Amino acid sequence: MKYYDKLIFELSKEGRVGYSLPVNQFPQAPEVPVQLRRAQPLRLPQVSEPDVVRHYTNLSQMNFGVDTGFYPLGSCTMKYNPKINEEMAALPGFAGLHPLMHAGLTKGALKVYQEMNKALSAITGMYAFTFDPCAGAHGELTGLMIMRQYHMNRGDMKRTKVIVPDSAHGTNPASAAVCGLEVVEVKSLENGRIDVEALKPLLTDEIAGIMMTNPNTLGLFETEIKTIAKLVHDAGGLLYYDGANMNPLMGVVRPGDMGFDIMHLNLHKTFSTPHGGGGPGSGPVGVAQHLEDCLPDIRVSGFHGNFGVILRAYAYILSLGKQHLRKVGQYSVLSANYIKESLKDVYKLPIEGVCKHEFVFDGLVNDGAHDDVPGATTLDVAKRLLDYGFHAPTIYFPLLFHQALMIEPTETESLETIDSFIAVMRKIAAEAAQDPEILRQAPHNAPITRPDETLAARNPVLKYEW
Ligand SMILES: *Cc1c(COP(=O)(O)O)cnc(C)c1O
Numbered sequence: 044m045k046y047y048d049k050l051i052f053e054l055s056k057e058g059r060v061g062y063s064l065p066v067n068q069f070p071q072a073p074e075v076p077v078q079l080r081r082a083q084p085l086r087l088p089q090v091s092e093p094d095v096v097r098h099y100t101n102l103s104q105m106n107f108g109v110d111t112g113f114y115p116l117g118s119c120t121m122k123y124n125p126k127i128n129e130e131m132a133a134l135p136g137f138a139g140l141h142p143l144m145h146a147g148l149t150k151g152a153l154k155v156y157q158e159m160n161k162a163l164s165a166i167t168g169m170y171a172f173t174f175d176p177c178a179g180a181h182g183e184l185t186g187l188m189i190m191r192q193y194h195m196n197r198g199d200m201k202r203t204k205v206i207v208p209d210s211a212h213g214t215n216p217a218s219a220a221v222c223g224l225e226v227v228e229v230k231s232l233e234n235g236r237i238d239v240e241a242l243k244p245l246l247t248d249e250i251a252g253i254m255m256t257n258p259n260t261l262g263l264f265e266t267e268i269k270t271i272a273k274l275v276h277d278a279g280g281l282l283y284y285d286g287a288n289m290n291p292l293m294g295v296v297r298p299g300d301m302g303f304d305i306m307h308l309n310l311h312k313t314f315s316t317p318h319g320g321g322g323p324g325s326g327p328v329g330v331a332q333h334l335e336d337c338l339p340d341i342r343v344s345g346f347h348g349n350f351g352v353i354l355r356a357y358a359y360i361l362s363l364g365k366q367h368l369r370k371v372g373q374y375s376v377l378s379a380n381y382i383k384e385s386l387k388d389v390y391k392l393p394i395e396g397v398c399k400h401e402f403v404f405d406g407l408v409n410d411g412a413h414d415d416v417p418g419a420t421t422l423d424v425a426k427r428l429l430d431y432g433f434h435a436p437t438i439y440f441p442l443l444f445h446q447a448l449m450i451e452p453t454e455t456e457s458l459e460t461i462d463s464f465i466a467v468m469r470k471i472a473a474e475a476a477q478d479p480e481i482l483r484q485a486p487h488n489a490p491i492t493r494p495d496e497t498l499a500a501r502n503p504v505l506k507y508e509w
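Numbering (the working numbering), first residue to last: 44 to 509.
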């Protein structure tokens, strides 16, 4: 029987102990009143320390993390997170803070907020940030609330629509809808950029603004951004920047200089906080000077966001400094272009040319389909990668292509790692051409192979029933 076939409850044997409690430092502590005490002992598994250690270590190996391998998940910036950031966030003076503490005791933390405000403003060209939002999508909602507030302050009540490009991240239209705004889609050109001519007629006096990602989710820089900014502003709208992936821009270009009025950052992507497990995150929102008044009105979390994440980002920024933050952008762009050019003869590249930190293939050039044998799909390539020790790229997103395979290597990978990824991707392409069935059966060595992902997300079984 394999380790993952047994749950910790099934390993339980009466009388085994795998913990040691700290010594009680409070001998004077009052006893728990009888009526509040547990009537029956808690049904915890009774296991020895090695059982516990092995169980949880094995569980951790069943997942794929950036600490165990290359994780080129496009749009997610799964870069390596330096451990020094963890140490800084764990400093007792910070970790022991309580949000309701007297202001006199939290000056260090307030200073961190202040310094981060300055650093992020310098990196993005914004005027001021709020750190309340706890995720990227939360930042989008906050930013759109600021956008609405701005129009309402001016008595301009008609502006209830927001323009979103068809290449946008799914959270953009979702946040707009949650904010009570109507989404108007603008099409992309063949070259993956916003169609400026298609944008013009959309810019009516009902438009609150536009949400954009630049480089967009295809990893392509919107070269017409200055023209777009002027058109939107002239029509009375604002520009919202989805800065979840600031990686390629840091120290090179600033959204504020491109003409954006409001933006969010994902500290848990660009600024190296471990993520992917659902939190905690941080999506600070920055505004241009003319919107500063709209910031304090809008509180979206109980306290000031996830301070630990902000601390990690602060440590990250300080440890790199201005000069090396710029290299993050340059190396992430170099890595992406290197992979793209090394694989484009075996994977379909729908849009040629230099990309930024990520790019999209549209499936295999030769998927091995013949007679009545179906070819290998993007899902099959993704599953096969697991057999070779790599996490899959983002698949079937963005929706502009049927077999999208979105690769973002980030700047933290060595040339050796990137070269071995390229070699494996080529090997998989060769396997597909010869015998697509190998891919269709993959992964061959993972504890779980092809779960129903929708069912797993909607009805997760999180509890052991006994
Ligand atoms: C990740 C991402 C988001 C959403 O961020 P969350 O923290 O997951 O809510 C928004 N936009 C883009 C482009 C992203 O990559």
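Heads up, the beta-carbon is just placed ideally off N, CA and C, and yes, glycines get one too. Please read these numbers as outputs of a predicted model, since none were measured by experiment.
Three-state secondary structure (DSSP) of residue i
i, result
"P208", "strand"
"I438", "strand"
"M144", "coil"
"L246", "coil"
"F137", "helix"
"M301", "helix"
"I450", "strand"
"F464", "helix"
"M293", "coil"
"M105", "coil"
"M159", "helix"
"L498", "helix"
"D410", "coil"
"Y123", "coil"
"F402", "strand"
"Y390", "strand"
"L458", "helix"
"L50", "coil"
"I166", "helix"
"E74", "coil"
"V504", "coil"
"I40", "Nothing in the structure corresponds to residue 40, since the chain is present only between 44 and 509."
"E335", "helix"
CA-to-CA distance, residue j to residue i, given in whole angstroms
i, j, result
"P490", "V504", "16 Å"
"T247", "C177", "33 Å"
"L482", "H445", "18 Å"
"P84", "L102", "27 Å"
"S457", "M121", "14 Å"
"H367", "R469", "32 Å"
"A241", "P208", "11 Å"
"A412", "P479", "7 Å"
"V275", "G213", "22 Å"
"L428", "P452", "14 Å"
"Q68", "Q78", "25 Å"
"G345", "D495", "36 Å"
"Y439", "N124", "26 Å"
"M289", "K49", "43 Å"
"C119", "K312", "6 Å"
"G168", "A251", "22 Å"
"K506", "A500", "15 Å"
"V416", "D410", "10 Å"
"G179", "V96", "35 Å"
"T455", "G372", "11 Å"
"I382", "R369", "21 Å"
"A356", "R80", "43 Å"
"N502", "E267", "44 Å"
"L338", "F350", "19 Å"
"M44", "K56", "Here M44 scores only 43 on pLDDT, less than 50, and its place in the model is too uncertain to base an answer on."
"G322", "D414", "47 Å"
Those residues which DSSP pairs with residue i across a bridge
i, result
"G252", "V205 and L281"
"T173", "V328"
"D415", "DSSP output for D415 lists no bridge partner at all."
"L308", "G286"
"L116", "I450"
Beta-carbon separation (whole angstroms), residue i vs residue j, contact threshold 8 Å
i, j, result
"P115", "P441", "Contact doesn't hold; Cβ gap of about 16 Å is too wide."
"T260", "A211", "7 Å"
"P298", "P258", "About 11 Å; that fails the 8 Å criterion."
"F433", "F404", "Between F404 and F433 the Cβ distance is about 15 Å, and since that is not below 8 Å, they are no contact."
"H307", "G286", "6 Å"
"Q104", "I341", "No, Q104 and I341 are not in contact; Cβ-Cβ is about 43 Å, not under 8 Å."
"I166", "V328", "That pair is no contact at about 14 Å."
"Y379", "H400", "One point to set straight first is that residue 379 is Ala, not Tyr, in the sequence displayed. Yes, they are in contact, since the Cβ atoms of A379 and H400 sit about 5 Å apart, within 8 Å."
"V408", "T185", "The Cβ separation is near 43 Å, so there is no contact."
"V205", "A219", "5 Å"
Counting only runs that start and end within the region 176–238, where is the beta strand (DSSP E) found for 3 or more residues in a row? 204–208 and 225–229
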